[in-house]
Amino acid sequence: LKAWSNGRLKAVTHRMMMNEGKDRYSMSAFAVPNENTIIKAPKELIDEQHPQLYKDFDFKDYLLFVYSDPKKRINSGQQIDAFAA
120 LKAWSNGRLK
130 AVTHRMMMNE
140 GKDRYSMSAF
150 AVPNENTIIK
160 APKELIDEQH
170 PQLYKDFDFK
180 DYLLFVYSDP
190 KKRINSGQQI
200 DAFAA
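Per this note's numbering, the very first residue in the sequence shown carries number 120; after that it's consecutive.
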């Protein structure tokens, strides 16, 4: 999301607190690109005031970077900065 939006959007950290004695049900939905998808910001989000922040990259290369070393499994916002900035 951060790379696609040229840094304008960031994924939120979700935290939830429940009152004791109540059940909680949740469902997650994820969108993950195919391995050979090129991630790049649309040209409409890049201009003189908003230069391209992240290089275009293959999502597969990003996954290999993230999972190549347990130390790289940090906050996803930091991962993309380390990989593509």
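By construction, the Cβ of each residue, glycine as well, lies at the ideal position given by its N, Cα and C atoms. Just so you know, these numbers come straight off a predicted model, no measurement behind them.
Classify residue i as buried or exposed, calling it buried when 16 or more other Cβ atoms lie within 10 Å of its own Cβ.
| i | result |
| --- | --- |
| Y173 | buried |
| G126 | buried |
| K121 | buried |
| Y186 | exposed |
With a cut-off of 8 Å on the beta carbons, I'd call residue i and residue j a contact; round off their distance for me.
| i | j | result |
| --- | --- | --- |
| S124 | A160 | 7 Å |
Which residues in the same chain have their Cβ closer than 6 Å to the Cβ of residue i, if we skip the five residues on either side of it in sequence?
| i | result |
| --- | --- |
| F176 | I158, A203 |
Please work out which residues of its chain come closer than 7 Å, Cβ to Cβ, to residue i, disregarding the five sequence neighbours upstream and downstream, and give them in chain order.
| i | result |
| --- | --- |
| H169 | N125 |
At least three beta-carbon pairs within less than 8 Å, the region 162 to 177 to the region 130 to 149: no
Length-filtered (4 minimum) alpha helix (DSSP H) runs lying within the region 136 to 204: Every unbroken stretch of the alpha helix (DSSP H) spanning 4 or more residues and falling wholly within the region 136 to 204 is given here in chain order: 178 to 186, 195 to 203.
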